[in-house]
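Numbering (the numbering used here), first residue to last: 1 to 302.
Pasting the structure below:
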């Protein structure tokens, strides 16, 4: 029995590490798609809609299998799914894809990682919760760390306007995702995490596809094979597989440990940004990363 539990624990940790690896590589693949040599520039709306549409079959299948023998959805359930779908994997992803045109993959990942602290602030301002001293310290650490990473990008980019615009867009992504998380708790309790995630992803995909259809011609999808290769890699290795692995990890080791292991993500993104994209590294960036990760650790632990 001890061996069985120990083996399950190791599998859970391994799955959490692989999920962090997959999610961290998303920004790298998006940047590669934006700068693919010999290809016409691909826009963020096109890239997002392709990512969602190619992921759709997996989530339709997941939605069907998880809805068997489940109670029917009420009108209020559908309303909440639409709102959360627009906030979550459509709205947050759109801001993220837009921001990655202007900032480094490392800064993008660090700003996105402020969502635990933003979720706390949403609870304070809109749900009547009180800040603890530990949470105040975590907030200060996280945002000073973001400031250091911002200065790093500004120093090596030399274009203040681009870095500011990109940072604000990615921060908008983090805010939107935090709102999604704040509203998803009751729905997950009612529908279950698998069914809820599948239905929210379907709503998000429809929103992304509609946005693409009304904002650009179909010729926007006339892209070289290299771009579609990056999109397929984003779908398989940075969307579908990490989501399944993270879910399986949470079932084995719990959400707290899974989230803490996920703090590997920004470190991996910065490393791959330096190794693959040639993004510079600096002491300020390293210090900022450490502060953000420690801040997330402080608000994630019991």
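Note that beta-carbon positions come from the ideal geometry of N, C-alpha and C, so glycine has one too. Only a predicted model underlies this, so the values are computations on that prediction, with no experimental measurement involved.
Taking 4 residues as the minimum length, the alpha helix (DSSP H) runs contained wholly in the region 168 to 256 are 193 to 215, 225 to 235, 241 to 253, in order along the chain. Between the region 149 to 162 and the region 106 to 123 there are three or more inter-stretch CB-CB distances shorter than 8 Å, so the stretches are counted as touching. Annotation note: the region 60 to 146 contains the following uninterrupted alpha helix (DSSP H) runs of length 4 or greater, listed N- to C-terminal: 75 to 85, 93 to 99, 105 to 112, 115 to 126. Per DSSP, residue 273 is one residue of the alpha helix (DSSP H) stretching across 264 to 276. In the structure shown, residue 158 falls within a coil segment according to DSSP collapsed to helix, strand and coil. Here the C-alpha atom of residue 26 lies approximately 19 Å from the C-alpha atom of residue 168. DSSP, read as helix, strand or coil, puts residue 42 in coil. The alpha-carbon separation between residue 75 and residue 83 amounts to approximately 13 Å.
Secondary structure at residue 35: coil, using DSSP grouped into helix, strand and coil. Going by beta carbons, residue 245 and residue 197 fall outside the 8 Å limit. The C-beta of residue 116 has 16 or more other C-beta atoms within 10 Å across all chains shown, which makes the residue buried. The C-beta distance from residue 205 to residue 53 rounds to 6 Å, short enough to fall under 8 Å. Sixteen is the threshold: since fewer than 16 other Cβ atoms of the shown chains lie within 10 Å of the Cβ of residue 214, the residue is exposed.
Close CB contacts of residue 16 within its chain, under the 6 Å cut and outside five residues either way in sequence, are with 249, 258, 261 (chain order).
Taking C-beta separations shorter than 8 Å and ignoring five residues to either side along the sequence, the partners of residue 202 in its chain run 56, 59, 60, 63, 85, following chain order. In this structure, the beta-carbon distance from residue 253 to residue 12 falls below 8 Å. Taking the CA atoms as reference points, residue 267 sits about 32 Å from residue 127. For the set 237, 180, 209, the Cα lying nearest the Cα of residue 123 is the one of 180. At the C-beta level, residue 220 and residue 88 stay beyond 8 Å of one another. Nearest in C-alpha terms to residue 141, of all of 291, 298, 297, 32, is 291.
DSSP, reduced to helix, strand and coil, places residue 55 within a helical segment of the structure shown. Here residue 281 carries a coil assignment [DSSP, helix/strand/coil]. Between residue 294 and the set 37, 269, 145, the nearest pair of CA atoms involves 145. Looking from the CA of residue 113, the closest CA among 159, 171, 236 belongs to 171.
The Cβ atoms of residue 30 and residue 277 do not sit closer than 8 Å to each other.
Here the alpha carbons of residue 211 and residue 191 stand approximately 28 Å from one another.
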